[in-house]
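A quick write-up on the structure given underneath.
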Amino acid sequence: MSTEGFSGREAADIVGITYRQLDYWARTDLIRPSLADAKGSGSRRRYSYKDLIELRMIKTLIDAGQRLDRVRSAFEYLRDLGDDLSAAQLVIAGDSVVLVRPGENLIDVVNKYQGQGVLNLLALDGVVEQVDAAILELRPLANPPASEDGVTSIAR
Numbered sequence: 009m010s011t012e013g014f015s016g017r018e019a020a021d022i023v024g025i026t027y028r029q030l031d032y033w034a035r036t037d038l039i040r041p042s043l044a045d046a047k048g049s050g051s052r053r054r055y056s057y058k059d060l061i062e063l064r065m066i067k068t069l070i071d072a073g074q075r076l077d078r079v080r081s082a083f084e085y086l087r088d089l090g091d092d093l094s095a096a097q098l099v100i101a102g103d104s105v106v107l108v109r110p111g112e113n114l115i116d117v118v119n120k121y122q123g124q125g126v127l128n129l130l131a132l133d134g135v136v137e138q139v140d141a142a143i144l145e146l147r148p149l150a151n152p153p154a155s156e157d158g159v160t161s162i163a164r
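Under my numbering, the first residue of the sequence shown is numbered 9, with each subsequent residue one higher.
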């Protein structure tokens, strides 16, 4: 078994979704695996650590009541920012999802929708911790994954 990245089954288990959900999200371009995409029969998807964080964020937003089309819009915007989102927070206010980064303005990542409702706070560093714990449970003897900048992500 390759230790580079995570298989689709591992990714689904780590994130807490079904493989069917993961497959649907990949086929509909919500999130594609960044290490290796399926290219016909017998090929396997390989997900990076960053992919797992995004998958967990998506699951958390859906669990908080956000519709998939709004989550899709939010992630298109978030990916365009290109930042490390683990230091940010998402605030869910009814139909709106707002990105909060330390020392900066609030950014409505689903800005075409407005609504009223309960505020839910999604601290993205908590998502990182959840993914790290699930990886260690799945691969207890494995080395912690490293981010693109070479920093061990579990130690952050």
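Glycine is no exception: its CB is placed at the ideal position from the N, C-alpha and C atoms.
The shortest CA-to-CA distance from Q138 to any of G13, Y55, V23, E12 is the one to V23.
Rounded to the nearest whole angstrom, the CA to CA distance from E62 to L76 is 14 Å.
For the options Y57, A19, R40, A72, the alpha carbon positioned closest to that of E84 is the one of R40. Its Cα nearest to that of L146, the residue D21 stands out among D37, S42, D21, G13. Sorting T26, L89, S56 by C-alpha distance to the C-alpha of G13 places S56 at the top. Here the alpha carbons of P148 and R80 stand approximately 33 Å from one another. R17 and R87 have their C-alpha atoms some 24 Å from each other.
The continuous alpha helix (DSSP H) containing A19 extends over residues 16–23. Using a 10 angstroms sphere on the CB of R53, the tally of other CB atoms reaches 16 or more, which defines it as buried.
Going by beta carbons, L38 and I70 fall outside the 8 Å limit.
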